[in-house]
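Undergrad:
In my numbering, the protein residues as written are 1 to 100.
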């Protein structure tokens, strides 16, 4: 993959993270990922039946699909309330992995 100057090497920049987030949320909420894709990135997901149990399912699903591990201090509800927040956290974790 060719990255543009200044692009974060942890972010593939091809929508991969958004696709995986949308598919994971769709699976958990039992709806089409295209419906999830239509949700604005800064929209609070609690408006879409995201319960504490669903957030835990999302953590496990994302860890499995992205081969990442959320640290305890990253498991704050604020990090999981929006798709934009999820993307930002995933990029941060992937960047940490990239440096290791």
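Note that beta-carbon positions come from the ideal geometry of N, C-alpha and C, so glycine has one too.
Measuring only the C-alpha atoms, how far is residue 17 from residue 68?
TA: 12 Å
Undergrad: Start and end of the alpha helix (DSSP H) containing residue 64?
TA: 52-66
Undergrad: Less than 6 Å between C-beta atoms, sequence neighbours within five positions excluded: which residues of the same chain meet that for residue 33?
TA: 22, 23, 26
Undergrad: Here's a check: name, in chain order, each residue in its chain whose Cβ is nearer than 6 Å to the Cβ of residue 54, leaving out the five neighbours to either side.
TA: 28
Undergrad: What would DSSP say about residue 69, mapped onto helix, strand or coil?
TA: coil
Undergrad: Just tell me which of 93, 49, 35 has its CA closest to the CA of residue 72.
TA: 93
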